[in-house]
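Enquirer: What follows is a single structure, and I will ask about it in a moment.
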Amino acid sequence: MKLSFLMQLILLLLLVLSIYLVFSNTVTGRTKLIVIIFCIVLGLYLYSKLKLFSNYNEFISSPESARQEHIIEGESLKKGDGQFTISVWIYIDDWNYKYGEKKVILTRSLPSNGTSMILPSIELDNYKNDLEIKVNTYDTQGSSSSTMSSDLEGLLYENSIPYDENSNIECVNNSIMLDSVDQNISCTDVDMQENGAKIENINMQKWVNIITTVNNRSLDTYINGKLIKTKTFNNVIDTTAFNYGNIVITPNGGFGGYVSKVRYYPTYITPNEAWNIYKDGFGDAFASTLDKYNVALTFYEDQVEQNKFFLF
């Protein structure tokens, strides 16, 4: 259950008021005990929903159908500087669904002249239960100076200005600079190509945690908290969409199964952090349990109910 901003504010104010009643001894005895229990439950609920102190964005906190599309606006994501991590839990229960068709779990991209830059695209194979993770990298072969004419291609301006102000890639004196270090690659020889990693035999009818983390020239893939594959590239990974592209979860019908607990980190993570993400599980058990219940605020006059407001 998603909470609107107004409802979040109301619940926070109610929590503050309840805490005040307890510490000011305005309520006593059994009533005070009830208010204390209410504060604990409401506090845990708000913490699980709001993630006030997290360093990531989280979506779909409990299992939902993987055939339903979700679009996360890029502007709502935490901003990074050229690194990112995406974690997603999947459960495949119907391989016959969309058999022979592309089954995208999650993608982040920017449209460009009929093509699309991907950072990344996490997909299931058309026929086998294999996982493919795709990203765009800069290609220095077979290109021409014409590639420099379109900044939306995620390439480089010829006037030494990067595509966006947060980019760590720019063109200086016709040479690509990464974090102000000359890469000895001519700007006029730059194009994009699709690269990635493939993981075979993803479990079916079991919850599987997939983590992909990117850092300039490397792509690490974790399955259930364990590093399965590290893919390095000769050329830097295209960073254009890091702070702009929308995340689309299970687009175009997705796949036959469920998806849960999608997280986006604007940083590169360590193996220990990946393991901790996996240990967190595929759903928010506490919040999911509370979602089965409602909390109401009831007003009485002369022991007769006058009005009732459902808080959640």
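Under our numbering, the first residue of the sequence shown is numbered 956, with each subsequent residue one higher.
Here a beta-carbon is modelled for each residue, glycine too, at the ideal position from N, C-alpha and C.
Since the structure is predicted, the reported quantities are computational estimates derived from the model, not experimental observations.
Check for me: the alpha helix (DSSP H) holding Lys-1234 runs from which residue to which?
Expert: 1226-1234 is the span of the alpha helix (DSSP H), which, as asked, contains Lys-1234.
Enquirer: Run through DSSP, which three-state label would Thr-983 get?
Expert: Of the three classes helix, strand and coil, the one that applies to Thr-983 here is coil, per DSSP.
Enquirer: What separation, rounded to the nearest whole angstrom, lies between the Cα atoms of Phe-1237 and Asn-1164?
Expert: Whole-angstrom Cα-Cα distance: 8 angstroms.
Enquirer: If you pair each beta-carbon of the region 995-1003 with each one of the region 1023-1042, do three or more pairs fall below 8 angstroms?
Expert: Segments in contact, no.
Enquirer: Output the distance between the C-alpha atoms of Ile-965 and Leu-1086, rounded to the nearest integer angstrom.
Expert: Roughly 43 angstroms between the two C-alpha positions.
Enquirer: Please report the distance separating the alpha-carbon of Asp-1257 from that of Gln-963.
Expert: Roughly 31 angstroms separates the two Cα atoms.
Enquirer: Considering Cα atoms alone, identify which of Leu-1032, Phe-1039, Asn-1084, Glu-1030 is closest to Lys-1053.
Expert: The shortest C-alpha separation from Lys-1053 is found at Asn-1084.
Enquirer: Going straight from the alpha carbon of Gly-984 to that of Asn-1170, what length do you get?
Expert: Computed Cα separation, rounded: 57 angstroms.
Enquirer: Suppose the cutoff is 7 angstroms on Cβ atoms and the five residues either side in sequence are ignored; what does the same chain contact list for Pro-1226 look like?
Expert: Leu-1182.
Enquirer: Please name the residue, chosen from Glu-1030, Thr-1185, Tyr-1233, Lys-1153, that lies closest to Asp-1080 on a Cα-to-Cα basis.
Expert: Here the closest residue by C-alpha is Lys-1153.
Enquirer: Buried or exposed for Lys-1058, please, with buried defined as at least 16 other CB atoms from any protein chain shown within 10 angstroms of its CB.
Expert: Lys-1058 comes out buried.
Enquirer: Apply the 10 Å Cβ neighbour rule to Glu-1108 and answer buried if 16 or more other Cβ atoms are within range, or exposed otherwise.
Expert: Residue placement at Glu-1108 is flagged as unreliable, the pLDDT there being 36, under the threshold of 50; a coordinate-derived value is accordingly withheld.
Enquirer: What do you reckon, are the CB atoms on Ser-1064 and Gly-1200 nearer than 8 angstroms?
Expert: Cβ distance < 8 angstroms, so Ser-1064 and Gly-1200 count as in contact.
Enquirer: Please work out which residues of its chain come closer than 7 angstroms, Cβ to Cβ, to Lys-987, disregarding the five sequence neighbours upstream and downstream, and give them in chain order.
Expert: The answer, listed in chain order, is Val-977.
Enquirer: Quick one, are the C-beta atoms of Lys-1216 and Trp-1050 less than 8 angstroms apart?
Expert: No.
Enquirer: Would Asn-980 be called buried (16 or more neighbouring beta carbons within 10 Å of its own) or exposed?
Expert: By the 10 Å Cβ count, Asn-980 comes out exposed.
Enquirer: Can you tell me whether Leu-1032 is helix, strand or coil according to DSSP?
Expert: DSSP places Leu-1032 in coil when its eight states are reduced to three.
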